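One structure below.
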Amino acid sequence: MSASAGDVPAYDLKSGRFDRVHMRMRATIGAAGAVPSPLTSQDDQNMSVTHGTAGVYTLTFPPAADADAELDVTFVSAAGTIKTAWVTAFSPTAGTASVTFGNGGGTATDPANGDTVTFAFVLNRTKQF
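For the sequence shown, this note's numbering gives the first residue as 5, with consecutive numbering after it.
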């Protein structure tokens, strides 16, 4: 009998060549879009977020084994300052990305003081045989 969706246990993501690693980092934004240092939480000490121009943030993270990776951006904006976020650059093998946050009109805007942004990655790591 084949398993149905409700019967399948939560499996770790694995492949023959790579281990897939989930990593997250979260920042509670300060005044004028400032990012706390250290971050509010992070899964690896080599992860960072740097504020650039209005609404633009540069991410660094441990490089992946290949370009088959994912980046999800979520945010909580209690004042409604930010309505959207989009990834403008993502290089898993270099360990860098750029994310822009925007207001309702799509203009790049800094998150407000107290807004929370979370970046979640799924990266491939070469298996150690």
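Think of the CB as a built atom: it goes at the ideal place given N, C-alpha and C, for glycine as much as any other residue. Fair warning: this is a prediction, and the values are worked out from it, not measured in the lab.
Next item on the list: Grab the span of the beta strand (DSSP E) containing residue 134 for me, first residue to last.
Entry: Limits of the chain in this structure are 5 at one end and 133 at the other, which puts residue 134 out of reach.
Next item on the list: Count the C-beta pairs between the stretch 109-117 and the stretch 33-41 that are closer than 8 Å, then say yes if the count reaches three, no if not.
Entry: The count of Cβ pairs closer than 8 Å, one atom from the stretch 109-117 and one from the stretch 33-41, reaches three, so the stretches are in contact.
Margin query: Output needed for residue 10: all residues of its chain with C-beta closer than 7 Å, excluding positions within five of it in sequence on either side, in chain order.
Written below: The predicted position of residue 10 is uncertain, since its pLDDT is 40 and thus under 50; no value can be drawn from it.
Notebook entry, point to check: Is the stretch 90-107 touching the stretch 57-73, taking contact as three or more C-beta pairs under 8 Å?
Noted result: Segments in contact, yes.
Check: Where residue 99 and residue 72 are concerned, what is the direct C-alpha to C-alpha distance, given to the nearest angstrom?
Finding: Rounded to the nearest angstrom, the gap between the Cα atoms of residue 99 and residue 72 is 12 Å.
Item checked: Spatially closest choice to residue 31 from 43, 103 and 25, by CA coordinates -> Nearest C-alpha to residue 31: 43.
Item checked: Cα-Cα separation, residue 103 to residue 89 -> For the pair residue 103 and residue 89, the Cα-to-Cα distance works out to about 7 Å.
Margin query: In the DSSP assignment, the beta strand (DSSP E) including residue 75 goes from what residue to what residue?
Written below: Per DSSP, residue 75 is one residue of the beta strand (DSSP E) stretching across 74-80.
Notebook entry, point to check: Once you ignore the five residues that flank residue 54 on each side, which residues in its own chain have a CB closer than 6 Å to its CB?
Noted result: Excluding residues within five positions, the ones whose Cβ falls inside 6 Å are 62.
Check: CB-CB under 6 Å to residue 51, same chain, minus the five flanking residues each way: which ones, in chain order?
Finding: So the list reads 29 and 65, once near-sequence residues are dropped.
Notebook entry, point to check: Does the beta-carbon of residue 125 have 16 or more other beta-carbons within 10 angstroms, so that it is buried, or is it exposed?
Noted result: Result: buried.
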